[in-house]
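Heads up: the sequence shown begins at 53 in the working numbering, then just goes up one per residue.
Just so it is clear, CB atoms sit at the ideal spot from N, CA and C, and this is done for glycine as well.
Down below is the structure, laid out as structure tokens.
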Amino acid sequence: MIHFTFPRKYDAPVVGFYRMLTPCLIIKDMELVKSITVKDFSSFYANEFYVSIESDAAFGGNPFAINGDEWKQKRSHITGSFTAGKIKAMFSNLEAGAQSMSRYLKKLTEAGPKVLEAKEICSVYTLETVLSCAYGVEAHVFDKPNSHFFEMGQKLYYSQYLGTFKFFLSIIFPKISKYIDVRFTNEQTEAQLFDMIRTSLEHREKSHTDAKDFMSTIASLRPKYNEKELLALATAFYLDGQETTGLVMGHLLYELAANPEAQKKLRNEVNDYFGKDGGQVTYESLQEMPYLDACFKENLRLHSILHYLPRVCTKDYTYTFPDGSRPPLVIEKGTPVMIPIFGIHYDPKYYEDPYKFKPERFLDSDIKQPLMGFGEGPRACLGRRFGIAQVKAGVAYLIKDFEVSVNQKTKLPLRTDAWDFLVVSTDGVWLDFKKLS
Ligand code: HEM
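Here it is in structure tokens:
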């Protein structure tokens, strides 16, 4: 909350506060944000996490939670799996997942419109597509809603409240983190995930295919890492890419339901492209749809998945304000530095009418306003391209085949759960789904 209110309350480039005895900074000035995240990244390359691979193998070995040379090396090893060419090669799996979601919803709504929890549907779609794109597992979760894969998606996170409590405790008192066993992932789910990945890896290694996909990248890293590190790295696709994209997609459906004009405009665009591409949509045409892109960006502005980017100063740093209006700012090594995504995205200085869903503001391709929903600089989201393709493909199919609208069960505006590390709606995203003929 303070990342939202502080920057708005104090008209200053930087706001300081104490977290118990630790001085922390919230950075609002965009020049300084760019210096910290991009230009002078070498002084801020750590994220503020104290989760070890011993207490939580899946999360503790994830690029998001590791720092220093280990982070640099592990991130560089898997970066090649997320190029435009690789995502294009996975596109048929995304399309198959979107079609299977649409078939499932058509069955459900055959007899008339139905009230459904959109975020859950989107999470099943992202589960199915992550499993097939990353691990080559055809789970068909929509056809088998009771499968263990579905359960795996549902139980991914360790007790939400206890996990978040321990996480905050570890941030406030980093030295005790190794004694309190900070965990994000449920142990049982972690074991299931590791089993699935082990099988997929063995299969890949035995099949000697020349497929250049995520699993073959992981297999090629075997000599460099021990079993736990390898599995943790392989799990990154699932941990970072399933819940996040499900959330973004659920929020986008919510905004389209609450803004029927935008929904209509998007449907017209989507139908035009489906018409051109013979009833399907290609990876290239998804990149071309300007209104879909604008809706995606505007939704990311309104509903970031993180409250803030959690950097830590790793080397004493002095910043000189370019206009000389203030004395230089000295940041000491070890100071937590927070980039308040919401505080920036809802600042009327950057976005007029910041609470409104107005995709049109992103139709101007020269727009220079800050959009930090995927983070910034060398630590920015690794799966950005995949996440965008996944959400756009899913939403394109849904909007072509269904009308979504708000109903009495929909909470307007959405409330978020302060106990969740990610920005999750407390009440779910309940929408009416009506099949279009
Ligand atoms: C639309 C969906 C997604 C959103 C909004 C999102 C957002 C983010 C954000 C805000 C960060 C922090 C960046 C920073 O600190 O500057 C991040 C990091 C990361 N994301 Fe995503 N993400 C999404 C999907 C994905 C997917 C699909 C994957 C993998 C397949 C992925 C993998 C990662 C990884 C590995 C990191 C850590 C990067 C590092 O610290 O080096 N994300 N993401």
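N- and C-terminal bounds of the alpha helix (DSSP H) containing G395: As a working mapping, residue 395 is identified with position 343 in the sequence shown. Start and end: 393-397.
Span separating the alpha-carbon of L488 from that of M153: For the purposes of this step, residue 488 is taken as the residue at position 436 of the sequence shown. For the purposes of this step, residue 153 is taken as the residue at position 101 of the sequence shown. So the alpha carbons of these two residues sit roughly 15 Å apart.
Contact under 8 Å by Cβ, I78 with R363: Locating residue 78 in the sequence shown gives position 26, counting from the first residue. Locating residue 363 in the sequence shown gives position 311, counting from the first residue. Between I78 and R363, the C-beta spacing is not below 8 Å.
Spatial neighbours of V443 in its chain, beta-carbon cut-off 6 Å, leaving aside the 5 residues before and after: Counted from its first residue, the sequence shown places residue 443 at position 391. Here the set comprises T297, V300, M301.
Contact the stretch 443-458 vs the stretch 309-327: 3+ CB pairs below 8 Å: Contact between the stretch 443-458 and the stretch 309-327 is present, because at least three Cβ pairs lie under 8 Å.
Beta-carbon contacts of V382 that lie in its chain and below 7 Å, excluding the five residues immediately before and after: As a working mapping, residue 382 is identified with position 330 in the sequence shown. Closer than 7 Å at the Cβ level, and outside the excluded window around V382, lie T370.
Element boundaries [alpha helix (DSSP H), containing Y360]: Locating residue 360 in the sequence shown gives position 308, where the first residue counts as 1. Counted as a single uninterrupted DSSP element, the stretch harbouring Y360 is not any alpha helix (DSSP H), since DSSP gives it neither H nor E.
Helix, strand or coil at L474 [DSSP, three-state]: Residue 474 sits at position 422 when you count from the first residue of the sequence shown. Note: L474 maps to coil in three-state DSSP.
Where D453 sits in the DSSP three-state scheme: Counting from 1 along the sequence shown, the entry for residue 453 is found at position 401. If DSSP states are grouped into helix, strand and coil, D453 belongs with the helices.
Cβ contact (3+ pairs, closer than 8 Å) linking the stretch 276-289 and the stretch 324-339: no
R127 beta carbon near the ligand HEM (any heavy atom closer than 7 Å): By one-based count along the sequence shown, residue 127 stands at place 75. R127: yes, Cβ under 7 Å from the ligand HEM.
Stretch pair the stretch 429-442 + the stretch 133-141: three plus CB contacts closer than 8 Å: yes
Buried versus exposed call for S259 [16 or more other C-beta atoms within 10 Å across all chains shown]: Here residue 259 refers to the residue found at position 207 of the sequence shown. The residue is exposed, with fewer than 16 neighbouring Cβ atoms inside 10 Å.
Buried versus exposed call for A191 [16 or more other C-beta atoms within 10 Å across all chains shown]: Working through the sequence shown from its first residue, we reach residue 191 at position 139. Counting C-beta atoms within 10 angstroms of its own C-beta, A191 has 16 or more neighbours from the protein chains shown and is therefore classed as buried.
Any non-hydrogen atom of the ligand HEM within 7 Å of N99 CB: As a working mapping, residue 99 is identified with position 47 in the sequence shown. It does: the Cβ of N99 is within 7 Å (strictly closer) of some heavy atom of the ligand HEM.
Assigned secondary structure, C185 (DSSP; H/G/I helix, E/B strand, else coil): Here the question's residue 185 lines up with position 133 in the sequence shown. It is helical.
Distance cut-off 7 Å: R431 Cβ against heavy atoms of the ligand HEM: To locate residue 431, count along the sequence shown from 1; it is residue 379. Between the ligand HEM and R431, a heavy atom-to-CB distance of less than 7 Å is present.
As assigned by DSSP and simplified to three states, the class of P75: Locating residue 75 in the sequence shown gives position 23, counting from the first residue. Correct three-state label for P75: strand.
Boundaries (first-last residue) of the beta strand (DSSP E) holding K264: Taking the sequence shown and counting its residues from 1, one reaches residue 264 at position 212. No beta strand (DSSP E) contains K264, which DSSP labels as neither H nor E.
N99 - partner residues in DSSP beta bridges: In the sequence shown, residue 99 corresponds to position 47, counting from 1. Answer is R363, bridged to N99.
7 Å Cβ shell around T181 - same chain, five flanking residues per side excluded: Position 129 of the sequence shown, counted from the first residue, corresponds to residue 181. Closer than 7 Å at the Cβ level, and outside the excluded window around T181, lie N145, L146, G149, Q442.
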